[in-house]
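Undergrad: Protein chains in written order, with the numbering used here: chain A, 25 to 139; chain B, 18 to 524. Ideal Cβ placement from N, Cα and C applies to all residues, glycine included.
(1) Considering just the uninterrupted stretch of the beta strand (DSSP E) at residue 214 (chain B), what are its terminal residues?
(2) Excluding the 5 residues flanking residue 275 (chain B) on each side, which residues of the same chain have their C-beta closer than 7 Å to its C-beta?
(3) Taking the alpha helix (DSSP H) that residue 89 (chain B) falls in, what are its first and last residues?
(4) Taking C-alpha atoms, which residue in B:494, B:94, B:144 and B:237 lies nearest to residue 204 (chain B)?
(5) Examine chain A for any beta-carbon lying closer than 8 Å to the beta-carbon of residue 390 (chain B), and answer yes or no.
(6) Using only CA atoms, which one of B:92, B:227, B:372 and B:163 lies nearest to residue 338 (chain B)?
(7) Please list, in chain order, the residues of the stretch 398-426 of chain B that have any C-beta partner in chain A closer than 8 Å.
(8) Can you tell me which residues form a DSSP beta bridge with residue 136 (chain B)?
(9) Residue 183 (chain B) and residue 353 (chain B): beta carbons closer than 8 Å?
(10) Of all the CB atoms in chain B, is at least one closer than 8 Å to the CB of residue 86 (chain A)?
(11) Taking the alpha-carbon of residue 92 (chain B) as reference, which of B:332, B:107, B:52 and B:328 has the nearest alpha-carbon?
(12) Please classify residue 481 (chain B): is it buried, with 16 or more other beta-carbons within 10 angstroms of its beta-carbon, or exposed?
(13) Looking at the secondary structure, which residues open and close the beta strand (DSSP E) in which residue 18 (chain A) lies?
(14) By DSSP, does residue 56 (chain B) sit in helix, in strand, or in coil?
(15) At least one CB of chain B closer than 8 Å to the CB of residue 120 (chain A): is that the case?
(16) By the 10 Å Cβ neighbour count, where 16 or more other Cβ atoms means buried, how is residue 244 (chain B) classified, buried or exposed?
(17) In chain order, which continuous runs of the beta strand (DSSP E) of length 3 or greater are located wholly inside the stretch 387-446 of chain B?
(18) In or out: residue 497 (chain B) buried (at least 16 other Cβ within 10 Å) or exposed?
(19) Around the C-beta of residue 143 (chain B), are 16 or more other C-beta atoms found within 10 angstroms, so that it is buried, or is it exposed?
(20) By the criterion of Cβ-Cβ separation under 9 Å, what are the contact partners of residue 116 (chain A) in chain B?
(21) In chain A, which residues lie with their C-beta within 7 Å of the C-beta of residue 439 (chain B)?
(22) Does DSSP put residue 36 (chain B) in a helix, a strand or coil?
(23) State yes or no: is the beta carbon of residue 208 (chain B) nearer than 8 Å to at least one beta carbon in chain A?
(24) Within 8 Å of any Cβ in chain A, is that where the Cβ of residue 489 (chain B) sits?
(25) Determine, using beta-carbon pairs with one atom in the stretch 390-406 of chain B and one in the stretch 200-219 of chain B, whether at least three such pairs fall under 8 Å.
(26) Taking any Cβ of chain B, which residues in the stretch 75-104 of chain A have a Cβ under 7 Å from it, in chain order?
(27) Which class does residue 76 (chain B) belong to by DSSP, given the choice of helix, strand or coil?
(28) Would residue 108 (chain A) pass as an interface residue toward chain B - the criterion being a Cβ-Cβ separation below 8 Å?
(29) Name the chain C residues whose beta carbon is nearer than 9 Å to that of residue 61 (chain A)?
(30) Does DSSP put residue 269 (chain B) in a helix, in a strand, or in coil?
(31) At a CB distance below 8 Å, what residues from the stretch 49-60 of chain A approach chain B? Give them in sequence order.
(32) Could you check whether residue 327 (chain B) and residue 388 (chain B) sit closer than 8 Å to each other, using their CB atoms as the reference points?
(33) Would you identify the three-state DSSP class for residue 362 (chain B), choosing helix, strand or coil?
(34) Output the boundary residues of the alpha helix (DSSP H) element that contains residue 74 (chain A).
(35) Comparing alpha-carbon positions, which option in B:67, B:63, B:62 and B:128 lies nearest residue 33 (chain B)?
(36) Residue 470 (chain B) to residue 82 (chain A), Cα distance in whole Å?
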């Protein structure tokens with residue numbers, strides 16, 4: 025039995041949208057980091073991490089979100105997060121204060137359309 | 018009177034003449050059981066004189082290992098005036114021993130017992146052939162049994178929430194062994210495929226084919242977890258290879274969480290389900306055996322197992338008995354299964370020992386039992402300090418919390434918290450990776466109480482600084498649980514966490 029994450033990346037409206045589907049934890053973080061690091065072209069505004077299909081996210085995966093925000097900001101790019109209303113992940117993201125480094129939107133359209 | 022005696026002695030004389038020219042050994046005894054005549058053939062064989070063989074001294078030539086048996090059986094038959102037959106080794110004139118069969122029957126004259134008349138034949142060649150055959154038979158049996166065992170799973174997968182137990186008993190006689198198999202394949206986090214099959218035929222060839230079928234089954238069922246699709250592929254494989262092999266099999270894919278099962282029978286005996294309401298046979302999804310032709314088609318049947326149900330798959334050696342109808346045997350198996358509701362291994366043992374005591378052993382027996390374990394309000398685990406255990410742990414916890422009535426959010430948060438504590442134990446508790454840690458979760462009046470105990474000590478300074486992955490982990494633990502206690506000592510670190518479920522607060 026292993027942790028399975030399925031990451032779908034597409035370029036939309038000048039942003040790199042990464043759908044992080046499945047389970048993300050310390051055992052597959054380095055794989056996710058590899059995929060995400062290569063996904064964002066330098067001309068993009070940045071990356072939108074869509075957590076709508078995320079079933080599990082542990083502290084290592086949250087740490088990865090912080091790390092991605094730092095990396096992107098060094099390249100003058102930004103990280104935005106999509107988390108639908110009522111997501112079980114909500115409280116954990118609040119607790120860890122992820123929004124200090126990446127604004128959280130309820131839908132992908134909101135994230136794409138935000139200033 | 019005198020005339021009668023003369024007639025007797027005249028017939029005796031003619032008997033002795035005939036006996037002496039006969040190609041077998043012939044003897045007679047008197048009414049006291051002592052030998053009073055031995056023919057020429059016997060004397061030629063032993064190389065001794067008639068006087069040396071009469072009375073009970075003929076027994077001197079019997080092989081020492083056979084002597085007791087010969088003497089005892091002779092006197093037993095004699096006192097009962099019954100027929101006597103005995104195979105034993107008798108010493109020849111050259112000192113060698115050869116097997117003979119000796120038979121005697123009582124003689125009566127005018128209704129009164131006068132002694133025995135017997136014949137003995139040299140059966141040494143036949144006896145030798147029989148022994149060589151028996152040895153060859155035994156050797157084939159052993160080779161087939163060894164091969165068969167080596168081809169069956171060494172152990173079944175261990176799957177949370179699912180009990181699995183299997184037994185294989187080789188046929189006790191001759192080369193009737195071989196060809197039965199069982200297996201269990203873990204398909205994903207909640208489903209397992211179980212199979213029992215029987216290759217038609219016996220001996221080494223059947224055992225070898227069984228091994229091939231078993232491996233092909235494992236590969237195919239992982240490609241597409243449908244019993245019918247798997248059987249269609251196996252059937253096609255047999256048709257393409259043209260081995261002229263036929264096998265019956267029954268496969269069920271069991272979903273541990275929902276109890277849903279899909280199953281298909283390729284000419285095999287129906288599986289038995291034992292649950293609260295009794296026992297029943299799974300008689301759907303039936304088709305022809307594997308290897309009967311490429312045109313065969315297979316379809317899955319569906320059923321639902323209640324929590325706590327037991328599913329029994331088996332081969333015909335368990336139920337087939339000479340002269341007993343199958344329906345009667347099914348009823349008997351159902352009774353046994355219903356009576357044995359204890360631990361799964363005890364259920365298997367009870368069924369097998371009954372089968373053996375009931376004239377079994379003629380054919381192989383394979384038995385596989387699956388039980389959907391009801392959710393408990395206590396989880397107690399000892400896990401390896403390896404991140405690879407976390408995925409499995411998550412699913413066990415999710416299942417436990419579902420059963421406890423936790424909401425989706427609670428399930429995620431509590432699972433996350435316990436796994437963070439487990440990750441701390443794994444990452445920072447020790448140097449060597451081969452250690453383990455203990456985890457206990459219980460439900461007490463709507464409150465989840467969890468403890469994670471290891472034998473190391475956390476990196477206190479980093480944890481308290483709230484930096485890095487594990488520092489964040491501790492923040493999560495404290496933020497999501499109602500109460501957290503961390504106890505550090507020389508012996509290790511224990512984290513105790515509590516959280517009241519909303520469903521309990523509302524009640």
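TA: Here's the rundown:
(1) 208-216
(2) none
(3) 81-97
(4) B:237
(5) no
(6) B:372
(7) 404, 405, 407, 408, 409, 411, 412, 425 and 426
(8) Residue 136 (chain B) is bridged by DSSP to B:43 and B:120.
(9) no
(10) It does: the Cβ of residue 86 (chain A) has a partner Cβ on chain B nearer than 8 Å.
(11) When only C-alpha atoms are compared, the closest one is B:52.
(12) Here the model assigns residue 481 (chain B) a pLDDT of 46, short of 50, so the residue's position is not dependable, and the following value carries that caveat. So residue 481 (chain B) counts as exposed.
(13) Here chain A comprises residues numbered 25 to 139, so residue 18 (chain A) is not present and cannot be evaluated.
(14) coil
(15) Taking CB atoms only, residue 120 (chain A) has a neighbour in chain B less than 8 Å away.
(16) buried
(17) Here the runs fully enclosed are 395-401.
(18) buried
(19) In summary, residue 143 (chain B) is exposed, with fewer than 16 beta-carbon neighbours lying within 10 Å of its beta-carbon over all protein chains present.
(20) The answer, in chain order, is 429, 430, 433, 493, 496 and 497.
(21) Residues of chain A passing the Cβ test: none, with the nearest at roughly 10 Å.
(22) helix
(23) With 8 Å as the cut-off, residue 208 (chain B) does not count as an interface residue toward chain A.
(24) yes
(25) no
(26) 80, 82, 83, 84, 86 and 87
(27) helix
(28) no
(29) This model lacks chain C altogether, as its protein chains are A and B.
(30) Three-state DSSP puts residue 269 (chain B) in a strand.
(31) 49, 50 and 51
(32) yes
(33) Per DSSP, reduced to three states, the secondary structure at residue 362 (chain B) is helical.
(34) For residue 74 (chain A), no alpha helix (DSSP H) encloses it; the enclosing beta strand (DSSP E) starts and ends at 70-74.
(35) B:67
(36) 20 Å
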